[in-house]
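Worksheet: one structure, shown below.
Protein chains: 2
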Amino acid sequence: MRGPSRHRGATLDDVARRAEVSAMTVSNALNHPDRLSDETLARVRSAIEDLDYRPNRSARTLRSQTSRLVGVRVERSRQDRAALLLDQFLHALAESASGLGYHLIVCHAAGDTAELAAYQELRQTTAVDAFVLTGAHRDDARMRWMREQGVTFACFGRSWDPDPESPGAFPWVDVDGAAGIRAAVEHLAGQGHSEIGLVGWPADSDLGRDRERGWREACADLGLPARVQAHVVDEFDAGRDAAHRLLDAPRGGPVPTALVCVSDTLALGVLRALSERGLRPGRDVAVTGFDNSPSAALTTPGLTSVDQPLADVAAALMRLIDAELSGVRPSATHALLPPRLVVRDSSLAR
Amino acid sequence: MRGPSRHRGATLDDVARRAEVSAMTVSNALNHPDRLSDETLARVRSAIEDLDYRPNRSARTLRSQTSRLVGVRVERSRQDRAALLLDQFLHALAESASGLGYHLIVCHAAGDTAELAAYQELRQTTAVDAFVLTGAHRDDARMRWMREQGVTFACFGRSWDPDPESPGAFPWVDVDGAAGIRAAVEHLAGQGHSEIGLVGWPADSDLGRDRERGWREACADLGLPARVQAHVVDEFDAGRDAAHRLLDAPRGGPVPTALVCVSDTLALGVLRALSERGLRPGRDVAVTGFDNSPSAALTTPGLTSVDQPLADVAAALMRLIDAELSGVRPSATHALLPPRLVVRDSSLAR
DNA sequence: CTGTTAGCGCGTTCAA
DNA sequence: TTGAACGCGCTAACAG
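So the protein sequences, as listed, match chains A and B.
In this text, residue positions in the first sequence follow my numbering: the first is 1, and each later residue adds one.
In this text, residue positions in the second sequence follow my numbering: the first is 1001, and each later residue adds one.
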């Protein structure tokens, strides 16, 4: 019979006996050190060290109704998407969590209904104190549920609700997509392009509309037309097809010499289309993406892309959550972080 | 007093009262349903349903010394590596864990010492029942620690210890790298290549030597020379430089018409080198990678690569862990899974 | 088959 | 400033 190895660690009582105090004093040494005299505190601490004592998580959780665990969903990464920010984001989140004394618990869900069910289960079993969500959309069922249940959470991705004070508002951290696209457009204009097209997402995407706004406004500011555009789903083939359509210049319209894409997935599809047409990226048609995903650096030619500051996003999210759990009113319930353009050969005329 | 975030769920006693049985009976209904009569079982279950009862994780953990939590480390993904299998693997692992009633707890560590410390902390606070490790190497300190502590674990990546019965052995699941490379070589030979070079890792890598063996053996079986080779670290630039060197054919040696790479990172670097030399991938020089990372499908031309069955790996790992935790002797303590070659344009002559 | 007893390890009462 | 009791919610061990 070899069941789970039962690790008998030192308990609070063991430490108490060794330090010749009561268990409560040891507990206070951990949670309210200011309540102890310096002398006993030192004695308790050395006993803790001697025994290599760690408080038992479950006992603590059971007693205090707080687990210092944060739930986060991992999504299956589809092979046709370059948006593989997840593992970078997850690492950053784990790091930030760790710094504030939290751990991450990963929750798998295959679909939106399952996602809510998984959150509910983690919540009801008092396994987690809070959640980190990603990709909010208008009228998001997850946000509604969280608010109804009074669950602490923060979201990577802003609330697109037009009224920031509305009940739909929630704590979020996001990257300024419009600014990122604007930087790409300005860079392309600096390379001498004057007909800069957009490969964007469908109009029902708030995120896509925000990035599109960056393109439109930058073009306006530069005195350039913002007329060549496509709106497609975020898939490689969709980007490829869109590029072919735009470069075919339907009805004798203008032919773009540069294409700004709202994702690396689309941009990589565009690069494929250029190759199929015998066009050289950068020299013949400049291309930029968004996300600075690993593929951007590794493809040939390198893809110019907008880099999201994931470490900062993660840190800000964890700070929001920690503030809420600590009962502190945070100075701001959301943050919009600036991205950074990483220039590679796909956009250089050279 | 009770804040909104303190959601008091139903307890075992609540269910017991409602079903007019003792708390113990409810517990049995959950954990040993066979010990109950059909009639009481049904009554208890309906009470559970009525109250939407979920057992409290911490209480259960505290009592049973088992958390059904599995620890896994997430590593920072370096931008110059395509081996971004992590998030796919993590998702697969979360899915398999979920299917067996486990959850994943993510542990961040910046370095090997920190990794051990993080494991230790999770272990000592009785937060996790087991660990999933990745990337074992000879004389691995993590494995040694796990065994010494009697901690349950399983590893993605085999034990390279020459004697499988030695104390260094441990439960693992791995992908047959030699077979994957062999498939790539056979495919290239089928495309008419007869001078197939290898871009491998340094000789001190067991994993790299295994993949190299696949190349050597396949060439021997096909009656082809296995002489053109480079051994470099797993970085984009290293792959790029290696390709240049091999194609320069030092000392008038043979010029390879195909390059088999032991990782996608290296292969993508090779593709860059080809572009710099004005050579067309597939037509002039065929290239294959290993991992079938997202970039393989998204780069242009598409990169032929060896796909690792991550979902199967994850499932096998969780089965090993579950068996060990359940005190069941598993039929085998390790598994070597076959990979699958995904052919794309980088290796096709036309 | 079902109920009773007795904690798991910790932290919040209180009292000293 | 420190200590004693109690209970968080659940389940192993034993009755009945």
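Here a beta-carbon is modelled for each residue, glycine too, at the ideal position from N, C-alpha and C.
Predicted model, so just to flag it, every value in this text is computed and none were measured.
For residue i, return the contacting residues in chain B, with the cut-off set at a CB-CB distance below 8 Å.
i, result
"A:F236", "A1297, L1298"
"A:I105", "L1069, H1103, L1104, I1105, V1106"
"A:E121", "R1054"
"A:S275", "T1300, P1301"
"A:L271", "T1300"
"A:P309", "Those within 8 Å of A:P309 in chain B number zero; the least Cβ separation is about 14 Å."
List the DSSP bridge partners of residue i.
i, result
"A:C219", "None; A:C219 has no bridge partner."
"A:A154", "A:V132"
"A:G289", "A:S305"
Using three-state DSSP, classify residue i as helix, strand or coil.
i, result
"B:G1282", "coil"
"B:S1305", "strand"
"B:G1214", "helix"
"A:D130", "Before going on, a small fix: residue 130 of chain A reads as Ala here, not Asp. Looking at A:A130 - three-state DSSP - the assignment turns out to be strand."
"A:V26", "helix"
"B:L1246", "helix"
"B:E1020", "coil"
"B:G1009", "coil"
"B:R1142", "helix"
"A:V15", "helix"
"B:G1252", "helix"
"A:E148", "helix"
"A:A226", "coil"
"B:D1234", "coil"
Quick one: which chain B residues come within Cβ less than 7 Å of residue i?
i, result
"A:Q124", "G1009, R1054"
"A:E95", "H1108"
"A:S98", "H1108"
"A:A332", "Near A:A332 there are no residues of chain B at all, since even the closest Cβ is about 20 Å away, more than 7 Å."
"A:A127", "R1057"
"A:P339", "Under the 7 Å cutoff, chain B gives no residues; its nearest Cβ is about 16 Å from A:P339."
What span of residues does the alpha helix (DSSP H) with residue i cover, start to end?
i, result
"B:Q1120", "1112-1124"
"B:H1091", "1086-1099"
"B:D1264", "1264-1276"
Starting from residue i and walking both ways along the beta strand (DSSP E), at which residues does that stretch end?
i, result
"A:Q229", "229-231"
"B:L1348", "Careful: B:L1348 lies outside any beta strand (DSSP E) and carries neither H nor E."
"B:H1108", "1103-1108"
"A:L259", "258-261"
Which chain A residues sit within Cβ distance under 7 Å of residue i?
i, result
"B:T1061", "S58"
"B:P1250", "Going along chain A, no residue has its Cβ under 7 Å from B:P1250, so there is no contact; the nearest lies around 24 Å."
Run through chain A and tell me which residues come within less than 8 Å of residue i, C-beta to C-beta.
i, result
"B:L1268", "L298, T299, T300"
"B:P1162", "What B:P1162 touches in chain A: nothing, since even the nearest Cβ is about 27 Å away."
What residues from chain A crowd round residue i, counting only those whose CB sits closer than 9 Å?
i, result
"B:P1171", "The premise fails here: B:P1171 is roughly 13 Å from chain A at the closest Cβ pair, so nothing lies under 9 Å."
"B:P1256", "What B:P1256 touches in chain A: nothing, since even the nearest Cβ is about 19 Å away."
Using a cut-off of 9 Å between C-beta atoms, extract the partners of residue i located in chain B.
i, result
"A:P33", "Those do not exist, as A:P33 stays about 19 Å from chain B at its closest Cβ, beyond 9 Å."
Run through the region 159-210 of chain A for me and flag every whole beta strand (DSSP E) of 3 or more residues, listed as ranges in chain order. Positions of the beta strand (DSSP E) runs, each at least 3 residues long and wholly inside the region 159-210 of chain A, are given as 172-175, 196-200 in order along the chain.
Length at least 4, wholly inside the region 33-85 of chain A: the alpha helix (DSSP H) runs in chain order: Counting only runs of 4 or more, we get 38-51, 57-64.
Could you tell me which whole alpha helix (DSSP H) segments of length 4 or greater appear in the region 294-346 of chain A? Counting whole runs of 4 or more residues, the region 294-346 of chain A contains the alpha helix (DSSP H) stretches 294-298, 310-325.
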